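Engineer:
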Amino acid sequence: MLKGLAAAEDLGKICSPRTGRVAPGEPHACDSCCVSRVVTLETVRDVMPQSGSTSQLTGAVARAYEADGAICLRGVFESKWLELLRDGVEAALRSPGPHAEDYTPAGSQGRFFGDIGLWKRFAPFKEFAMRSPAALVAASLMGASRINLIYDQLLVKEPRTQERTPWHQDQPYWALDGNQMCSIWLPLDPVDDATCLRFVAGSHKWPQVYNPLHFKDGSGYSDTGLPQLPRIDESGETMRLLHWELEPGDCLVFSGRTVHGGPGNMNDASRRRALSTRWAGDDVRYVRRQGEVAIPTEDPGLAYGARLAGREFPLVWTRAGGFETCTQD
Ligand SMILES: O=C(O)CCC(=O)C(=O)O
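In terms of the working numbering, the sequence shown opens at residue 82 and continues consecutively.
1. From residue 115 to residue 148, what distance separates their C-alpha atoms?
2. Under the assumption that residue 216 contacts residue 397 (Cβ atoms under 8 Å), give the Cβ distance between them as a whole number of angstroms.
3. Among 250, 306, 343, 317, which one has its Cα closest to the Cα of residue 244?
4. Measuring CA to CA, which of 310, 279, 284, 282 is closest to residue 294?
5. Indicate the three-state DSSP secondary structure (helix, strand or coil) for residue 285 in the structure shown.
6. Quick one: what's got a C-beta closer than 6 Å to residue 151's C-beta in the same chain, skipping five residues either side?
7. Exposed or buried, which one is residue 289 when buried takes at least 16 other CB atoms within 10 Å?
8. Sort out for me which residues DSSP pairs residue 277 with in a bridge.
9. Could you give the distance in angstroms between the alpha-carbon of residue 304 and the alpha-carbon of residue 372?
10. Who are the near neighbours of residue 292 in its chain, counting only those whose CB is closer than 8 Å to its CB and skipping five residues on each side?
11. State the Cα-Cα distance for the pair residue 271 and residue 283, rounded to the nearest angstrom.
12. Beta-carbon within less than 8 Å of residue 164's beta-carbon, same chain only, minus the 5 sequence neighbours each way: which residues are those?
13. Report yes if the C-beta of residue 284 is less than 7 Å from at least one heavy atom of ligand 1; otherwise report no.
14. Whole angstroms are fine: how far does the CA of residue 330 sit from the CA of residue 168?
15. Which whole-angstrom value describes the C-beta separation of residue 257 and residue 266, a residue pair presumed to lie in contact below a C-beta threshold of 8 Å?
16. At a threshold of 7 Å, does residue 298 count as lining ligand 1 (C-beta to nearest heavy atom)?
17. Helix, strand or coil: how does DSSP classify residue 379 here?
18. By Cβ distance below 8 Å, which residues in the same chain neighbour residue 196 in space, the five residues on each side in sequence not counted?
19. Return the chain-ordered ranges of every beta strand (DSSP E) run that is complete within the segment 306-376 and spans a minimum of 3 residues.
20. Among the candidates 259, 189, 359, whose CA atom is the shortest distance from the CA of residue 345?
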């Protein structure tokens, strides 16, 4: 285990407003009255009640996200969201989309499956993207006053799947520029320590972005001009890795620039179904660069440098108006 893993437990240390020692809606960290090392559902409800709220997930939680580029939030998504998405996953597995991929070679045990743009094709994913607390979590952590959906991605590792998720940053996969981009990785099954994603703490502040990889064969994207990511597994103790055991309802939130990857799922029976939703705040612009990109998958009809909008990047929430009325079919 690399140095610094234990320190990850300190993330999200926050005072419960219910202790009476902190005003509701004002989470903070201190040595004397912090009672929990995680962000509870109650805390999230207190600081981000409903649509249109201007309150934010601030204090220690936002500082941890800003410092490390990855954070674990506990119990944010109620079971109704998880049940909805589990139904959606089965439908998605039955009807893979045009960009679906099996990363596990034919004939190997297990299955690592990925698909994107589920919200455009399946009602449960659309409902989650447009109405769940996800956009509020993204807005609160990034300090954004408006949130667009970049896309959603299903990532399933069935039992006895050996395939790792290669180390990568997300942002270079996207024809987007800006600071306020994050992913919310929501598992629909318990995830043990051996199976959980790993994050390189602070890597969202690295000055360089690196060439994306195809998950299937590890080959680099073509003609991007971006350098190859340094070898994280060989970095010894020079990098601090973050990871968390997760229960359904918990989620991981990480910056688009945070380097992350993950092991296979070597459990005999537990699946590892996860939905990653990608979110953009105020400062994000459409910037079509040279070379191969993964997102958007279709022409968004936006000019170079334009603010995100339209069917590819729908506006989901604004601080002024709350949840948008989604016009997509
Ligand atoms: O679920 C996985 O294995 C990979 C997740 C990931 O890389 C992401 O959500 O950006």
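For glycine and all other residues, C-beta sits at the position ideal for the given N, C-alpha and C.
Quick caveat: nothing in here was measured; it's all calculated off a predicted structure.
Structural biologist: This is what the structure holds:
1. Since pLDDT at residue 115 reaches only 30, below the 50 mark, its modelled position is unreliable, and no value is offered.
2. 5 Å
3. 343
4. 310
5. helix
6. 280, 323, 335, 339
7. exposed
8. DSSP, once it has assigned bridges, lists no residue as partnering residue 277.
9. 4 Å
10. 253, 301, 302, 305, 307, 308, 309, 310
11. 26 Å
12. none
13. no
14. 16 Å
15. With 8 Å as the limit, residue 257 and residue 266 do not qualify as a contact, their Cβ atoms being about 18 Å apart.
16. no
17. coil
18. 173, 177, 178, 180, 181, 182, 234, 235
19. 332-336, 341-343, 353-361
20. 189
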